[in-house]
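**Q**
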Ligand SMILES: C[S@@+](CC[C@H](N)C(=O)[O-])C[C@H]1O[C@@H](n2cnc3c(N)ncnc32)[C@H](O)[C@@H]1O
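Numbering (my numbering), first residue to last: 9 to 292.
1. Going by other Cβ atoms of all chains shown within 10 Å of its Cβ, with 16 needed for buried, is residue 120 buried or exposed?
2. Looking only at its own chain, which residues have a Cβ that is under 6 Å from the Cβ of residue 259, when we skip the five neighbours before and after it?
3. Going by DSSP, what residues sit across from residue 21 in a beta bridge?
4. Let me check understanding here. Comparing Cα to Cα, which of 244, 234 and 223 lies closest to residue 217?
5. So, is residue 270 buried or exposed, given that buried needs 16 or more other C-beta atoms within 10 angstroms?
6. Could you tell me which of 40, 176, 242 and 226 sits nearest to residue 215, measuring between CA atoms?
7. Identify the continuous alpha helix (DSSP H) that holds residue 50 and give its terminal residues.
8. Please return the same chain residues whose Cβ sits closer than 6 Å to the Cβ of residue 96, not counting the five positions on each side in sequence.
9. Just reading off the beta strand (DSSP E) that residue 267 is part of, what are its end residues?
10. Using the rule of at least 16 other Cβ atoms within 10 Å of the residue's Cβ for burial, across every protein chain shown, is residue 198 buried or exposed?
11. Measuring from the CB of residue 48, is there a heavy atom of ligand 1 at a distance below 8 Å?
12. Rounded to the nearest angstrom, what separates residue 30 and residue 22 at their Cα positions?
13. Should residue 133 be listed as close to ligand 1, given that the test is whether its C-beta is under 8 Å from any heavy atom?
14. Since residue 91 contacts residue 67 with CB under 8 Å, what's their CB separation in whole angstroms?
15. Assign residue 250 to one of three DSSP states: helix, strand, or coil.
16. Grab me the residues of residue 278's own chain with a C-beta within less than 8 Å of its C-beta, minus the 5 sequence neighbours each way, in chain order.
17. For residue 118, does the count of other Cβ atoms within 10 angstroms reach 16, so buried, or fall short, so exposed?
18. How about residue 62: is its Cβ closer than 8 Å to a heavy atom in ligand 1?
19. Can you tell me whether residue 73 sits near ligand 1, meaning its C-beta is under 8 Å from at least one heavy atom of the ligand?
20. From this set, 139, 55, 56 and 171, which residue's C-alpha is nearest residue 280's C-alpha?
21. List the whole-angstrom C-beta distance separating residue 104 from residue 75, where the pair is believed to meet the contact cut-off of C-beta under 8 Å.
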């Protein structure tokens, strides 16, 4: 783990709160969710009666879309009460049947009645690689236990190569801005280095400050914004970015065979500029 591990060790305890649900979770369009589901159904050839478990389901946007399409045996696991309650309310309104489970997927091993229950487990939108390789391996091994023989796994991860290209472009921009402004690069670096503008919240600019540790593969980030309800907010987060060969190795160690990597949403073949990658694997 990187130096910051102490600071960030428990960021997941507080990050996925009501503010996250309203600002990020509910901000994702239905069109995007539908495309993500189209891709999952296609790559895993999912049948309507199969048992599906969504790890880190949030408010259940993917499961609700599956239920609308007639899939019957849907389970969502998340530790965020606020997200689960929100999802439950919408599902009841729309008469969609989903089994909601509140729990920590690091404890999947200890959950009752889960052994060899599912045809497919998925975890979408960068939801499980928040800690270190030992923990991730343990999670993947416990996923293997809740899957039926030849069960399937889909994981969606951010593309490490694309994120590094982003950093490189940001760095080059700083250099050319400095040249244009005839200012010392260090002045500009001081102001903009690793501060990524990510939009306006309540009329104020919001930033993410990022640092990627090349040796550990950990991306640490801190979202900073001002909100009418919460005032000045600083939200740290940290996640592990894997190269695809590292990820393949980790999955193989846990007993999976990787069948494909595809660009998320579009389903195109992956490239170094693909933003997110959808990984499809089965139990070996
Ligand atoms: C980035 S969000 C994605 C939510 C959802 N998959 C989506 O695509 O909208 C990650 C979710 O994982 C949940 N989560 C994070 N760590 C968890 C854990 N250890 N156990 C259960 N849920 C967890 C969070 O509460 C959050 O809802």
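Don't be surprised by glycine CBs; every beta carbon is placed ideally from N, CA and C.
**A** Judging by the given coordinates:
1. exposed
2. 266 and 289
3. Its beta-bridge partners do not exist; DSSP assigns none.
4. 244
5. Buried, by the Cβ-count rule.
6. 242
7. Unbroken alpha helix (DSSP H) run through residue 50: 38-52.
8. 108
9. Element bounds for residue 267: 264-271.
10. Unreliable placement is indicated for residue 198, whose pLDDT of 42 sits below 50; no coordinate value is reported for it.
11. For ligand 1, not one heavy atom lies less than 8 Å from the Cβ of residue 48.
12. 15 Å
13. yes
14. 5 Å
15. coil
16. Once the five neighbours on either side are set aside, the close Cβ partners of residue 278 are 167, 252, 269, 270, 271 and 285.
17. Exposed.
18. For residue 62, the shortest C-beta to heavy atom distance toward ligand 1 is below 8 Å.
19. no
20. Minimum Cα distance to residue 280 is reached at 171.
21. 4 Å
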